[in-house]
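For the record, in the sequence shown the residue sitting at position 442 is 442 according to the working numbering, with numbers rising by one throughout. For glycine and all other residues, C-beta sits at the position ideal for the given N, C-alpha and C. All figures in this text were calculated on a predicted structure; none of them were measured in a lab. Just below is one structure, and these are the notes that go with it.
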Amino acid sequence: MGVAAPSASECGSHTCMLARAAKLVRRSRLLQDLSGRDSCRERSLCIRSHSESLVAVAVGANVGDRVGNIREALKLLPKHGIQVARQSRLYESAPAYVTDQPQFVNAALAVKTALPPRELLAALKAIEAELGRDLHGQRWGPRPLDLDIIFYEGLHVQEGGLEIPHPRWQERPFVKAPLTDLYSAAELCGRNPLVSVELAHKLAEASNLWHSAGGERALGTADLSCFLPMPRLGSWSWQGRTQVMGILNITPDSFSDGGQLTSVSAAVGHARRLVSEGADMLDIGGQSTRPGADRLSAAEEAQRVVPVIRALAEQEDLQHVPLSVDTFQAEVAQQAVSAGAQMVNDVSGGVLDPHMHRQVAELGVPYIMMHMRGDPGTMQSADNTAYENVCVEVGRELQSTAAAAIAAGIEPWRIIPDPGIGFAKTSEGNAALIRGLQVVKEQLEPPLNSMPMLVGPSRKGFLGKLTGRKLAEERDIATAAASALCVAYGASIIRTHNVAAVRDAVRVADAVSIAPCE
């Protein structure tokens, strides 16, 4: 079937969504003025608290294993009758008020609970204490975990030790930014029935305040940045410029560069060259995913990639470079991470190995989750490349795969979506997909719609069709052009063979994207 041009839905326009959200804020203030915030209204909301309510909770940690503490808190919440409905991205922020202390990891949660506010506060304090916080320690000082109630539906509480909404949320970027991640503006327009009008008003206000302060453009500084947690590397931020992932194929049969790296020393040498040319990270693969490629066993694949990953992890001059293993087999992922890999790049999104999601959840590493239909042998069939609207359907299928990954225990702030250029797509579909990356993102639930999107157009067949270049290695100029377009349309990470060419292309794209219109 033909590929429809990408189009945003009625509330899909970012401007439209923010305008509607602003209208909700104005309406909220009018309702508050009319009601006078009288005690009868507050009592009615207190009565509702015995049924399940949606609550916005801010999370912070700056002592010990900061991300590990947050992960443990996520496991403890359900034991106290608190179910996590949504999570924000992870942020790293400079300490506020008391500045002589380590940087914080911050996040926000939307939680469902039948606990009334006072009992909810007690439960959150119990979790803090269980994870080592001294509840009588220095105010605003270092802490292994901090859980604050920001909004409880539309409730207003002011009593000893409890104030809702939180009295200082408006002055804290490290609270406003994560709150904005929880629900899209379209959901705050009424498209998510779980979000009450009262809570939607408050979250819309947070979103407006955050965007008026710069929004995404305010990230990537020492004061506040989003990051991916990386084993041994700590926090890895992607803001500020497009990241370039260099490809290291340890395969004899890859479509572009198979058979070039026949020893560990050759692979290490090539890795150094890629980094010197501007690679921010390396992706090591031992199994070809070209159409019709033979599938290796996990043992065969591991034999190819694990020695290379181990050798790269031991190089002093490469300690700062994140290593990704390109595999769709859980056993290979486990061995690769044990050898030093910090990410798993799965072209099937977990479809080709039912154990992959659970394995990645246990490994606790970032997970690049690509869209593909079928397998390398069937992905280019007529059925698998047929779409009514390639951007919408790819986005929805990615969301479905992500939901399965999250259900298996992979936190959404560890998922990097990849629309899968060249996998189960026609040439026309690939072009439409690049142009419609924002439409793909619109199909993803928060915070996935604001996580870094990886796109890999490098040397793909559709570029050869467009340019007449039959040999894959002759498509590097076309790859650079496609990469710049991917950045313009919303990619944060570009995966490529020719790092030098793509690095220059994306730097130009980055500069143009932030240039002011005078």
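**Limits of the alpha helix (DSSP H) - the one that C486 falls within** = In the sequence shown, counting from the first residue as 1, residue 486 sits at position 486. From DSSP, the alpha helix (DSSP H) with C486 extends over 476-489.
**Asked** For S276, does the count of other Cβ atoms within 10 angstroms reach 16, so buried, or fall short, so exposed?
**Response** Position 276 of the sequence shown, counted from the first residue, corresponds to residue 276. Exposed, by the Cβ-count rule.
**Asked** Apart from the five residues on each side of it in sequence, which residues of its chain come closer than 7 Å, Cβ to Cβ, to D353?
**Response** Numbered from 1 along the sequence shown, position 353 holds the residue referred to as residue 353. Correct list, in chain order: F328, Q329, A330.
**Prompt:** For the beta strand (DSSP E) that contains C226, what are its first and last residues?
**Reply:** For the purposes of this step, residue 226 is taken as residue 226 along the sequence shown, with counting starting at 1. Taken as a continuous stretch (DSSP letters only), the beta strand (DSSP E) holding C226 covers 224-226.
**Asked** Does the Cβ-Cβ distance between V344 and A361 come in under 8 Å?
**Response** If you number the sequence shown from 1, residue 344 lands on position 344. If you number the sequence shown from 1, residue 361 lands on position 361. No. Outside cutoff.
**Prompt:** Measuring CA to CA, which of V487, V67, P516 is closest to M230?
**Reply:** Within the sequence shown, the letter at position 230 stands for residue 230. Of the listed residues, the one whose Cα sits closest to M230 is V67.
**Request:** Using only alpha-carbon positions, find the residue among K79, K470, L296 that is nearest to T113.
**Result:** The residue given as residue 113 occupies position 113 in the sequence shown. It is K79.
**Prompt:** Nearest CA to the CA of R358: which residue from P142, S265, A402?
**Reply:** Numbered from 1 along the sequence shown, position 358 holds the residue referred to as residue 358. Of the candidates P142, S265, A402, the one whose C-alpha sits nearest the C-alpha of R358 is A402.
**Request:** Could you please give the first and the last residue of the uninterrupted beta strand (DSSP E) stretch that includes I415?
**Result:** As a position in the sequence shown, residue 415 is number 415, starting the count at 1. Its beta strand (DSSP E) spans residues 415-418.
**Item:** Closest Cα partner of A408 within the set L363, S381, Q380
**Value:** Residue 408 sits at position 408 when you count from the first residue of the sequence shown. Of the listed residues, the one whose Cα sits closest to A408 is L363.
**Message:** Starting from D86, trace the beta strand (DSSP E) in both directions and tell me its first and last residue.
**Reply:** As a position in the sequence shown, residue 86 is number 86, starting the count at 1. Looking at the sequence shown, residue 86 is not Asp but Arg. R86 -> beta strand (DSSP E) spans 82-87.
**Request:** Spatial neighbours of V111 within its chain, please: CB distance less than 7 Å, with the 5 preceding and 5 following residues excluded, ordered by chain position.
**Result:** Looking up residue 111 in the sequence shown gives position 111. The answer, listed in chain order, is V55, V57, L77, I82, Q83, V84, A85.
**Request:** Would you kindly report the start and end of the unbroken alpha helix (DSSP H) that includes D181?
**Result:** Taking the sequence shown and counting its residues from 1, one reaches residue 181 at position 181. Element bounds for D181: 173-182.
**Item:** Stretch-stretch touch, CB-based, cutoff 8 Å, three pairs: the stretch 86-100 with the stretch 115-124
**Value:** no
**Request:** Name, in chain order, the residues that DSSP records as bridge partners for F328.
**Result:** For the purposes of this step, residue 328 is identified with residue 328 of the sequence shown, where counting begins at 1. In DSSP, F328 forms no bridge with anything.
**Request:** Whole angstroms is fine: what's the gap from D476's alpha carbon to A500's?
**Result:** Position 476 of the sequence shown, counting from 1, holds the residue named residue 476. Position 500 of the sequence shown, counting from 1, holds the residue named residue 500. Approximately 10 Å between the Cα atoms of the pair.
**Request:** Would you mind giving the Cβ-Cβ distance between I529 and A339, rounded to the nearest angstrom? I have them listed as a contact below 8 Å.
**Result:** Nothing about residue 529 can be read from this structure; the chain reaches only from 1 to 518.
**Request:** Assign Q443 to buried or exposed, taking buried as 16 or more other Cβ atoms, counted over all protein chains shown, within 10 Å of its Cβ.
**Result:** Position 443 of the sequence shown holds residue 443. The residue in question, Q443, is buried, as its Cβ has 16 or more Cβ neighbours within 10 Å.
**Contact check, P446 vs L74, beta carbons under 8 Å** = Position 446 of the sequence shown holds residue 446. Position 74 of the sequence shown holds residue 74. Taking 8 Å as the Cβ cut-off, P446 and L74 do not qualify as a contacting pair.
**Message:** I'd like to know if the stretch 195-210 and the stretch 150-164 are in contact, where contact means that at least 3 CB-CB pairs between them fall below 8 Å.
**Reply:** yes
**Prompt:** A271 to A431, Cα distance in whole Å?
**Reply:** The sequence position of residue 271 within the sequence shown is 271, counting from 1. The sequence position of residue 431 within the sequence shown is 431, counting from 1. About 30 Å.
**Item:** DSSP bridge partner residues for S288 (one or two, in chain order)
**Value:** Taking the first residue of the sequence shown as position 1, residue 288 is located at position 288. Paired residue(s): none; S288 is not in a bridge.
**Request:** Would you decide whether E198 is buried or exposed? Buried here means 16 or more other CB atoms lie within 10 Å of its CB.
**Result:** As a first step, residue 198 is located in the sequence shown; it is residue number 198 there, counting from the start. Its Cβ being crowded by 16 or more others within 10 Å, E198 is buried.
**Prompt:** Sorted by chain position, which residues of the same chain lie with C-beta nearer than 7 Å to P144's C-beta, five sequence neighbours on each side aside?
**Reply:** Residue 144 sits at position 144 when you count from the first residue of the sequence shown. Closer than 7 Å at Cβ, skipping near neighbours: A61, V63, G64, N69, L131, G132, R133.
**Prompt:** Does the Cβ of H320 have 16 or more other Cβ atoms within 10 Å, making it buried, or fewer, making it exposed?
**Reply:** Translated into the one-based positions of the sequence shown, residue 320 becomes position 320. H320 is exposed by the Cβ-count criterion.
**Prompt:** In chain order, what residues of the same chain lie with their CB nearer than 7 Å to the CB of G422, ignoring the 5 residues before and after it?
**Reply:** Taking the first residue of the sequence shown as position 1, residue 422 is located at position 422. N430, K460, G461, F462.
**N69 in three-state terms, based on DSSP** = The residue given as residue 69 occupies position 69 in the sequence shown. The answer is helix: DSSP assigns N69 an H, G or I state.
**Item:** Alpha-carbon to alpha-carbon, A488 and S513
**Value:** Counting from 1 along the sequence shown, the entry for residue 513 is found at position 513. Counting from 1 along the sequence shown, the entry for residue 488 is found at position 488. One C-alpha to the other measures close to 7 Å.
**Asked** Just reading off the beta strand (DSSP E) that G246 is part of, what are its end residues?
**Response** Stepping through the sequence shown from its first residue, residue 246 is reached at position 246. 243-249 is the span of the beta strand (DSSP E), which, as asked, contains G246.
**Request:** Let me know if E301 comes out buried or exposed under the rule of 16 or more other beta-carbons within 10 Å of its beta-carbon.
**Result:** The residue labelled residue 301 in the question sits at position 301 within the sequence shown. The residue in question, E301, is buried, as its Cβ has 16 or more Cβ neighbours within 10 Å.
**Request:** Go ahead and pull the three-state DSSP assignment for E397.
**Result:** For the purposes of this step, residue 397 is identified with residue 397 of the sequence shown, where counting begins at 1. Here E397 sits in helix by DSSP.
**Message:** Within the continuous alpha helix (DSSP H) that includes T467, where are the two ends?
**Reply:** In the sequence shown, counting from the first residue as 1, residue 467 sits at position 467. Where T467 is concerned, the enclosing alpha helix (DSSP H) stretches over 461-467.
**Asked** When the distance is taken between beta carbons, is V455 closer than 8 Å to A491?
**Response** Indexing the sequence shown from 1 puts residue 491 at position 491. Indexing the sequence shown from 1 puts residue 455 at position 455. Yes, the Cβ-Cβ distance between A491 and V455 is below 8 Å.
**Alpha-carbon to alpha-carbon, I415 and L552** = Residue 552 lies beyond the range of the chain shown here (1 to 518); nothing can be said about it.
**Asked** Relative to the alpha-carbon of A200, which residue among G234, G154, A177 has its alpha-carbon at the smallest distance?
**Response** As a first step, residue 200 is located in the sequence shown; it is residue number 200 there, counting from the start. Comparing Cα positions, the closest option is G154.
**Asked** Taking just the CA atoms, how far does P116 sit from G161?
**Response** For the purposes of this step, residue 161 is taken as the residue at position 161 of the sequence shown. For the purposes of this step, residue 116 is taken as the residue at position 116 of the sequence shown. Taking the straight line joining both Cα atoms gives about 15 Å.
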